[in-house]
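Novice: Can you keep this structure in mind? I'll have questions shortly.
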Amino acid sequence: MKINENTFFSGMTTDEYLAQIKVNKQPFLDIYASVEIPDVYTSYLESLDESLKLVAFAADWCGDHLTTSPPILRLSQATDRLEARVFDSDLHKEMTNSFLPENRWNTVPVFVVFDSCMNEVCRFIETSNDLVPELDAMESIVINQHVTSTGENSGDNDIIQESQISMRGGRTAIRVANAREWGTTVLHSFVQIIKEGLALSEADRPQSTQYKWNSIPSPLQRIKFCRIQVLGYYKFPEMLLSTFTI
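Quick note: the sequence shown uses our numbering, first residue 55, plus one each step.
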């Protein structure tokens, strides 16, 4: 779907987006405040011959959004050469999916960078590939804590509901604790994909990236989460159940 300037400016500014966050607002703000923007990235953007525009498709409930969006939006606010607008992906599904391969529809967050003439430069999907080991480790920690705390007699719906809340809280705490380090990793990958996109001819753009999970859950983890999935409670990473959500 083509995004023109009118569509771009109909999106929320970063400040407008921050003010209306409904889910995970405090963790998002904590991560946003913790992120540091290295001068090398702002200097690079300011060295370009033209200003860029950034469209961010976001979903408050998404864990990858919680990790990836704060550093990228902070970068856009640190320089006037990367103007950002944010769209709620749940309200703009068709537009969001138009920038995703069909097998990844409804994936978030999605960041699309345009040149000064609104020609697409690159797409940055979900988060940095370099974060995969850390995200896998986070998942293992939270899963093991869940298995240890619930044991094998946790089929009661109330217990499962409590586990869901606990596991989400566990992931959020890890994301906040690692905000500065992970934010730097995200920024490195994001700026790199911009560089690669700008190095291509317009005919060869956009450059695109998306990450993949590396780890494989243990048999016990598979049993626990397949049972929970049957109860409509949780989706595990895509190599287990094809998609991943927070």
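Where a beta carbon is used, it is the ideal one built from N, C-alpha and C, also for glycine.
Please identify the residue among 134, 143, 194, 69 whose C-alpha is closest to the C-alpha of residue 116.
Specialist: For the purposes of this step, residue 116 is identified with residue 62 of the sequence shown, where counting begins at 1. Comparing Cα positions, the closest option is 143.
Novice: Unbroken beta strand (DSSP E) runs of length 3 or more, entirely within the region 90 to 150: which are they?
Specialist: With a minimum length of 3 residues, the continuous beta strand (DSSP E) runs that stay inside the region 90 to 150 are 106 to 112, 136 to 142.
Novice: When the Cα of residue 257 is compared with those of 244, 175, 230, which residue comes out closest?
Specialist: As a working note, residue 257 is residue 203 in the sequence shown. Of the candidates 244, 175, 230, the one whose C-alpha sits nearest the C-alpha of residue 257 is 175.
Novice: Does residue 221 come out as helix, strand or coil in the three-state DSSP assignment?
Specialist: The sequence position of residue 221 within the sequence shown is 167, counting from 1. Helix at residue 221.
Novice: Let me check you understand the geometry: is the CB of residue 162 closer than 7 Å to at least one non-hydrogen atom of the ligand GTP?
Specialist: With respect to small molecules bound, the structure shown includes none, and the ligand GTP cannot be examined in it.
Novice: Using 8 Å as the Cβ pair cut-off and three pairs as the minimum, do the region 170 to 190 and the region 69 to 82 touch?
Specialist: In short, these stretches do not touch, since the Cβ pair count stays below three.
Novice: For the alpha helix (DSSP H) containing residue 248, name the first residue and the last one.
Specialist: Stepping through the sequence shown from its first residue, residue 248 is reached at position 194. Counting along the chain, the alpha helix (DSSP H) containing residue 248 begins and ends at 233 to 253.
Novice: What first and last residue would you give for the alpha helix (DSSP H) that runs through residue 174?
Specialist: Along the sequence shown, one-based indexing puts residue 174 at 120. Per DSSP, residue 174 belongs to no alpha helix (DSSP H); it is in the beta strand (DSSP E), 174 to 179.
Novice: In the DSSP assignment, what residue or residues form a beta bridge with residue 261?
Specialist: Against the sequence shown, residue 261 aligns to sequence position 207. 176, per the DSSP bridge assignment.
Novice: Please determine, among 86, 160, 55, the residue with the shortest C-alpha to C-alpha distance to residue 229.
Specialist: For the purposes of this step, residue 229 is taken as the residue at position 175 of the sequence shown. It is 86.
Novice: List the DSSP bridge partners of residue 82.
Specialist: Numbered from its first residue, the sequence shown carries residue 82 at position 28. BP columns for residue 82 are empty, so no partner.
Novice: Let me check understanding here. Comparing Cα to Cα, which of 165, 119, 113, 133 lies closest to residue 145?
Specialist: In the sequence shown, the residue the question calls residue 145 occupies position 91. Answer by Cα proximity: 113.
Novice: Are residue 109 and residue 196 closer than 8 Å when you measure CB to CB?
Specialist: For the purposes of this step, residue 109 is taken as residue 55 along the sequence shown, with counting starting at 1. For the purposes of this step, residue 196 is taken as residue 142 along the sequence shown, with counting starting at 1. No, Cβ-Cβ distance for residue 109 and residue 196 is not below 8 Å.
Novice: Rounded to whole angstroms, what's the CA-CA distance from residue 125 to residue 138? Just pull it up for me.
Specialist: The count along the sequence shown starts at 1 and reaches residue 125 at position 71. The count along the sequence shown starts at 1 and reaches residue 138 at position 84. Distance between the alpha carbons of residue 125 and residue 138: 12 Å.
Novice: Are there three or more Cβ pairs, one per stretch, closer than 8 Å when the region 129 to 137 is compared with the region 91 to 98?
Specialist: Touching, per the Cβ criterion.
Novice: What would DSSP say about residue 192, mapped onto helix, strand or coil?
Specialist: As a working mapping, residue 192 is identified with position 138 in the sequence shown. Helix.
Novice: Would DSSP call residue 153 helix, strand or coil?
Specialist: Here the question's residue 153 lines up with position 99 in the sequence shown. Three-state DSSP puts residue 153 in coil, outside helix and strand.
Novice: Should residue 153 go down as buried or exposed, given a rule of 16 or more other Cβ atoms within 10 Å for buried?
Specialist: In the sequence shown, the residue the question calls residue 153 occupies position 99. So residue 153 ends up on the buried side.
Novice: Distance check for residue 163 and residue 121, CA to CA, integer angstroms please.
Specialist: What you label residue 121 is simply residue 67 of the sequence shown in a count that begins at 1. What you label residue 163 is simply residue 109 of the sequence shown in a count that begins at 1. Using only the alpha carbons, I get a separation of about 10 Å.
Novice: Using three-state DSSP, classify residue 167 as helix, strand or coil.
Specialist: Counting from one through the sequence shown, the residue named residue 167 turns up at place 113. Residue 167 falls in the strand class under three-state DSSP.
Novice: Look at residue 170 and residue 243 and say whether their C-beta atoms are less than 8 Å apart.
Specialist: If you number the sequence shown from 1, residue 170 lands on position 116. If you number the sequence shown from 1, residue 243 lands on position 189. No; because the gap between Cβ atoms is not below 8 Å, this pair is not in contact.
Novice: Using CA coordinates, which residue listed in 193, 248, 239, 262 is at the minimum distance from residue 12?
Specialist: In this structure the chain extends from 55 to 300, so residue 12 is not present and cannot be described.
Novice: Kindly indicate the opening and closing residues of the alpha helix (DSSP H) around residue 183.
Specialist: Translated into the one-based positions of the sequence shown, residue 183 becomes position 129. Note, residue 183: premise wrong, no alpha helix (DSSP H); not H, not E.
Novice: Hey, residue 62 and residue 107 are a contact pair by Cβ (cut 8 Å); roughly how many whole angstroms apart?
Specialist: Against the sequence shown, residue 62 aligns to sequence position 8. Against the sequence shown, residue 107 aligns to sequence position 53. That belief holds up - the Cβ atoms of residue 62 and residue 107 are roughly 6 Å apart, short of 8 Å.
Novice: Which whole-angstrom value describes the C-beta separation of residue 160 and residue 147, a residue pair presumed to lie in contact below a C-beta threshold of 8 Å?
Specialist: Numbered from its first residue, the sequence shown carries residue 160 at position 106. Numbered from its first residue, the sequence shown carries residue 147 at position 93. About 7 Å; that satisfies the 8 Å criterion.
Novice: Could you tell me how far apart the beta carbons of residue 75 and residue 128 are, in whole angstroms, since I believe they sit closer than 8 Å?
Specialist: Position 21 of the sequence shown, counted from the first residue, corresponds to residue 75. Position 74 of the sequence shown, counted from the first residue, corresponds to residue 128. The Cβ separation is near 15 Å, so there is no contact.
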